[in-house]
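Reviewing the structure listed below.
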Amino acid sequence: MVSYLDMKYIIFFYFFIFSSLGYSQSVADQVVSIRVENRPLLSVLYQLSTENDIQFYFDPKDLPVYSLEGNFESEQLYKVLQYFLNGSNLMTVPIGPEGVVLSRKEKISKEYITYLKEAWKSGVYKYPFVDELKVMNFTFGNKKTQEPNPTLSLNVFDNLTKESILGAVVKNDDFSVSDASDLNGQIKLTNLASELKLNLSYIGYHTIELNVSIYENGVIDIPMEVQSVILNEIEIVGTGSRGRLENSRVGAEVIDLQKIERIPQALGEVDIIKSLEILPGVTSVGDISSGFNVRGGNVDESLVLFNDGMIFNPTHIVGFLSAFNAESINSTTLYKGYVDGEFGNRSSAILDIKADAENVESFKGSGGVGTSLIKLYVENKIGKKIRYKISGRASYNDYLLGLIASIKIKRSNASFFDLNGSLAYSIDDNHTLLFNTYNSDDFFEFNDEFGFEWQNGHLGLKLNSKWTDSVFSKISLNKGFYTSNQFVINSPSASNFSSGVQYLKLLANVSYQLSDKGYLKSGVELINYDTDDDVLSPREESVIVESRVKRMSSQVISPFVTLNFKLLKSLTLETSIRYSNYFSKGPGNIYQYENNILKPENIESVLEFSGNDPLGKYSIIEPRASLNFKYTDNISIRAGYNKMSQNLIQISNASSALPSDFYIFSNRYIPPQVVEQYSLGLFNTNDAGSYNLSFEGFYKDYENLRSLKQFPVVILNDHLETELLKSTGSSYGVEVFVEKNKGKWVGSLSYTYSRSFRQTTDNLGALNNGDKFSSNFDIPHQLNIVASYKWLPTVSLQFAYVYKSGRPTTLPSETILQDGFLVPVYSARNQSRIPYYSRLDFSITLDMRKAKQSGFRSSFNLGFYNVLSRKNAFNVFFRRSEGGNIQPFQFSIVGTLVPNFTWNFTF
Amino acid sequence: MRKLLYISIFTLFFVSCLDPIDLPTQQGDPKVVVDGTFTDLLEKQIVKLSYSTFVENQVIEPVTGAQVSVEDDAGNSILFTEENPGEYSSLSQAVRGRTYNLKAILDNDDILTSRIQSVPTSFVLDSISIKDSLTTFIDQGGNRRRLNSIHFISHGSQQSVNENLFLRYKINTTYRVSEVICNPLVSAKTCYISNDERPQSVQLLEVEESDVPFAFKQFIYFRPIDFYFGEIFGLDVGLLSYNQEEYNYWVNLKATFDQNGDITDVLPGKLIGNIISSSGNEILGSFAVVGKSRATKLVRNSDFTKYQNPYCGVAGFQPFPLPDECCFCLLFPGSTLEKPDYWP
């Protein structure tokens, strides 16, 4: 942002030059009109230039890249420029009757002005829009050889990375031809006129005009060029409104990182996982949770993939901050409806985060220092073949703890780091080898009483290949782990309880273009899980005796096929089938029960098993389909059916998911959980793409669920089948999402009405008498409002409001006296609710990162979490009050307003 | 800026708070609650019958006029008499090798019976030791406090353990207060005040079957050092050995009782005991046949380096104003003139 002194200097200089040269009447006072919405300065200058015959001379690299807003009717040019240049550190100097120089003030000189004029006249500098409309002419055959109904195939890819471009739109003027590229960047056009004039466009790339004379089948490879000058202002990942219309996958949400920056964050840090909650259908049980719930599903039903590696606990600080540095992320997609057959082994949702180095172009980096952590991100290219990126974050809160004059605080401790890297090696134009790694480590100790430690990690190797113009393959190998330790200290029963899971995953697929409009992808996923021993060990002077159990683990083999097929011009079908094969495997103990009644007292014998258990094998066919009907250019209707299964259960005997939760796998007594989902949605955008509206409804049916029985014994229990009750479940809901993308005010509103129920079908102690009851994450109403106001080009204000119904809880119905203890007796499970959740956050951002295109640039964020200081209940419970009576208490994680400050920078 | 630096992730946890709230609970009809043990020691066995109460009410009403007995597998029936309203007692003991169950006939002719139980093997409690220490604890308001206190530690040992044992501590406290002479015509009495401050945690211990000698020492109770120790303070520790089903009841009760509201709380469940009624009405609570070992500890002023003033002072050094209880010690809640059986 330009300081007050700078502005004075510029205005003074402006008037001095204009008046001294005597050109002010001809240029500065020239009356212009312009309407600008979310456009960079370069675009503004181009419009002023072409519509008013004014020549601007500038170095394009000096222009800021933030977006501008403004509306001027018959206003003098100098006022218009003064408005749009505010905050840019650029000076204006009129030269000649129709010319204006724009320059950074430290560069200004007669020689430099002369240089700029010459550069523009000679074409060294030019508007990228001038050649934006690249024209390509093609002729296939001639009238004599004309074939009936020839097909035109387009292969659209990035000219630098050779990556296929998904969602590039080709159309003619009257829209009689209109289509979008598929996963492999391919478009097939049929029923064509012989002479075609087509426009191929994709957001962030130069538009291409195709003049095609087609008399026989033709194929065109089209490398699209990035609009580099304005790239930074373009949505980083979003497919845009048009792309969303073309997206055939119901329930697929592409997370726009730039939009996430509009959300005030609890710790001033852009948070991928927390930001998911602005999407309809995504929620969590409170301020902290080691995961998120999607459409009535448990936390363990959502698979988080980071560069294809599975992340079991995607959070830091017991769930307060996500474990990924947003700076390093290329794209984030949440699949909550239809899920491509490539993904599986979880039954509600897939969060696919890509952060590899394949698209790195040059050296750049970013970092930040906040009140809780420090971070750094760097990417670069070495030669023509090697690209890399590396990112790390670490907390330094122990220092802060020591400054606070409270024993309780001084005795708390939390620290974490996450580190991820990616190396891409281009073997040749058609083959790229990627090496990815991720590690996170957390330590949390509260008040010298208890704590958690947990680690995620994985290493991955991936080969992307293009074999022919229509055949592509990907093969990846990942090895990862999750370990956790819950500890109790300063207690006679001081102890550590550790557990862990490891995996080796191979994913291979081949996709190829079919002769008609669509593509076919097939592949296989193999996962080998191994569990670490669950170990309870003494700590300090403790009465605890070390003990351990070994749980059975699992192997999964899942071949899959996906077909994307354009049935009609406006009707696209994507369908997958996945054949999941689960194998329970040792080493571990298998218990045998008298009369097959799964109760601890019925245990007859124990088998020590080392291989695959033939009775623990399950095969499940998972058909999935999504249909997209493009009703008009602005409206699409989608319907989907999705069946998924999972063979692991996160064992959590607390109100929310915790780092200490551990995983068990399906065995001969616990079949994999299966979820069928039906969904229907409507997506609408206006012509300008400035407003989006989506409306989706879903119904999910659960089979083979397991619910923890009352007072389960979960620690060091290797026959957990005795603690789990057979259950079914269902969830349903409607989701509304309204978004405004352009203007000074941008933001979104999402509302979800959804219900989630469970019902035990086990005759070994059914919960709630076998009646249907709310699941722990049955949150009927959820409202999220995010708004951002661009006050100045570099200053914006962000607001976020969250409202959620209180989650279900179990309350006592009476109290009894037992040997002197006044004990609450709890009623049926989840028949009451904790108070509703309501939170308003606010932040103000001074973002100078886009004021120039290179060099060291900063942004500053001052945020206020929970502005209303509302004490939102995380949990309610009953305990003896000081008066000796049993009384309800509310536990709030965040009980007041919490400010934060972050300095971010890019270079 | 310095203030701002203080704000961090931890602020979020530091500002976490507990607040009492109004929360409507479900209310049903009061249920009969059984609370009793039958030990293998010859002592006064007590069975209490009461009604459950609404969470908001919390006044426990006794079930009076019931006919309570314990039956064994030999056809014997041990009758309990109602000593206080809802409190039925009998001087008797369980005999190892027999099985027992509770039978209670209510005045509405509803018959309550417990699960039939054998007498579990007890674990020998050798002694109780004390340790003078500085205790740090979190009070009801969540604040850390420090107190000079006495830690009581139990010691147990056995050459072998023939079966898995499921143990619970039952702790009773008593302290003595001697009146001063307030009225020359009335002689000063000595009162024994029991269980004024019961330990508010359920303490359980599982011992696995073992051929080798097994010994343990375990912290079981602490008491701030003040006037309680001015005369004599007594700790009566029973180590009750349960059958597994009845022990599980206490495990579940502990999980219910130990709720703190924090992230580590387990999901609460419905506490189901081992009593059924002939009418099919739901009966709460539990009756347990237990093996019991016992150890007591008396602590006096001489056990400390620092002298503790008795509640009513000593001759010539009495508190002013003199508390009424020092003239009439039965004013202490729960006080009696009857010595505990282990008192010197």
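Taken in order, these protein sequences are the chains called A and B.
All letters in the first sequence, in the order written, are residues 2 to 908 by our numbering.
All letters in the second sequence, in the order written, are residues 64 to 407 by our numbering.
Just so you know, even glycine gets a beta-carbon here, dropped at the ideal spot from N, CA and C.
Given the structure is predicted, the values throughout are model-derived calculations rather than measurements.
Shortest alpha-carbon distance to residue i belongs to which of the options?
{"i": "A/Ile894", "options": "A/Gln888, A/Arg880, A/Phe875", "result": "A/Phe875"}
{"i": "A/Asp535", "options": "A/Lys570, A/Ser661, A/Asp634", "result": "A/Ser661"}
{"i": "B/Ala137", "options": "B/Ile123, B/Leu210, B/Pro148, B/Ser181", "result": "B/Ser181"}
{"i": "A/Lys741", "options": "A/Asn777, A/Asn693, A/Asn156", "result": "A/Asn693"}
{"i": "B/Thr253", "options": "B/Ser241, B/Cys245, B/Asn344", "result": "B/Ser241"}
{"i": "A/Gln674", "options": "A/Ser477, A/Val136, A/Asn705", "result": "A/Asn705"}
{"i": "B/Arg209", "options": "B/Ser220, B/Ser217, B/Leu197", "result": "B/Leu197"}
{"i": "B/Asn139", "options": "B/Val126, B/Val249, B/Tyr163", "result": "B/Tyr163"}
{"i": "A/Thr909", "options": "A/Ile638, A/Asn668, A/Asp180, A/Ser329", "result": "Outside the displayed span of chain A (2 to 908) sits residue 909 of chain A, for which this structure offers no information."}
{"i": "A/Ile387", "options": "A/Ser291, A/His432, A/Thr93", "result": "A/His432"}
{"i": "A/Lys111", "options": "A/Ser123, A/Pro95, A/Glu99", "result": "A/Pro95"}
{"i": "B/Val353", "options": "B/Phe229, B/Ala251, B/Pro384", "result": "B/Phe229"}
{"i": "A/Lys172", "options": "A/Ile598, A/Asp763, A/Ile188, A/Asp159", "result": "A/Ile188"}
{"i": "A/Lys631", "options": "A/Val66, A/Ala181, A/Leu42, A/Pro794", "result": "A/Ala181"}
Can you give the beta carbon distance from residue i to residue j, rounded, assuming they're within the 8 Å contact cut?
{"i": "A/Thr563", "j": "A/Glu343", "result": "7 Å"}
{"i": "B/Gly397", "j": "B/Ile234", "result": "Rounded, the Cβ-Cβ distance is 15 Å, inconsistent with contact."}
{"i": "B/Asp82", "j": "A/Lys872", "result": "6 Å"}
{"i": "A/Glu450", "j": "A/Asn486", "result": "That belief does not hold up - the Cβ atoms of A/Glu450 and A/Asn486 are roughly 15 Å apart, past 8 Å."}
{"i": "B/Ser185", "j": "B/Lys355", "result": "6 Å"}
{"i": "B/Thr102", "j": "B/Ala157", "result": "6 Å"}
Buried or exposed for residue i, going by 16 or more other Cβ atoms inside 10 Å?
{"i": "B/Val133", "result": "buried"}
{"i": "A/Glu196", "result": "exposed"}
{"i": "A/Asp257", "result": "buried"}
{"i": "B/Gln322", "result": "buried"}
{"i": "A/Lys701", "result": "buried"}
{"i": "B/Gln313", "result": "It is Trp, not Gln, that sits at residue 313 of chain B in the sequence shown. With 16 or more Cβ atoms within 10 Å of its Cβ, B/Trp313 is classed as buried."}
{"i": "B/Ser115", "result": "buried"}
{"i": "B/Cys245", "result": "exposed"}
{"i": "A/Ala29", "result": "buried"}
{"i": "A/Ser611", "result": "exposed"}
{"i": "A/Gly384", "result": "exposed"}
{"i": "A/Lys145", "result": "exposed"}
{"i": "B/Thr100", "result": "buried"}
{"i": "A/Ser323", "result": "buried"}
{"i": "A/Val125", "result": "exposed"}
{"i": "B/Asp195", "result": "exposed"}
{"i": "B/Glu272", "result": "exposed"}
{"i": "A/Asp174", "result": "exposed"}
{"i": "A/Leu374", "result": "buried"}
{"i": "A/Asp419", "result": "buried"}
{"i": "A/Gly239", "result": "Unreliable positioning characterises A/Gly239 in this predicted model, as indicated by a pLDDT of 34, which lies under 50. A coordinate reading is not provided."}
{"i": "B/Lys369", "result": "exposed"}
Does the distance between the C-beta of residue i and the nearest non-hydrogen atom of the ligand MG fall short of 8 Å?
{"i": "A/Ser89", "result": "In the structure shown, the ligand MG is absent, as is every other ligand, since no ligand is present at all."}
Does the stretch 355 to 375 of chain A come close enough to the stretch 470 to 487 of chain A that 3 or more CB-CB pairs lie under 8 Å?
no
Counting Cβ pairs, one atom from each stretch, are 3 or more of them under 8 Å apart for the stretch 798 to 809 of chain A and the stretch 829 to 842 of chain A?
yes
Beta strand (DSSP E) segments (min. 3 residues) lying fully within the stretch 665 to 715 of chain A:
674 to 686, 692 to 709
Are at least three pairs of beta-carbons, each pair with one atom in the stretch 342 to 352 of chain B and one in the stretch 382 to 397 of chain B, less than 8 Å apart?
no
Return the chain-ordered ranges of every alpha helix (DSSP H) run that is complete within the stretch 109 to 138 of chain A and spans a minimum of 4 residues.
111 to 123
Does the stretch 297 to 314 of chain B come close enough to the stretch 773 to 782 of chain A that 3 or more CB-CB pairs lie under 8 Å?
no
Evaluate the contact criterion for the stretch 640 to 652 of chain A versus the stretch 663 to 674 of chain A: three or more CB pairs, one atom per stretch, below 8 Å.
yes
At a cut of 8 Å, does the stretch 555 to 574 of chain A reach the stretch 582 to 590 of chain A through at least three beta carbon pairs?
yes
Go through the stretch 523 to 598 of chain A residue by residue and report every complete run of the beta strand (DSSP E) that reaches 3 residues or more, in order.
535 to 539, 548 to 550, 554 to 569, 572 to 586, 589 to 594
Evaluate contact between the stretch 141 to 155 of chain B and the stretch 121 to 132 of chain B, counting only Cβ atoms and requiring at least three cross-stretch pairs below 8 Å.
yes
Kindly provide the ranges of any beta strand (DSSP E) runs that are 3 or more residues long and lie completely inside the stretch 405 to 461 of chain A, ordered along the chain.
414 to 429, 432 to 447
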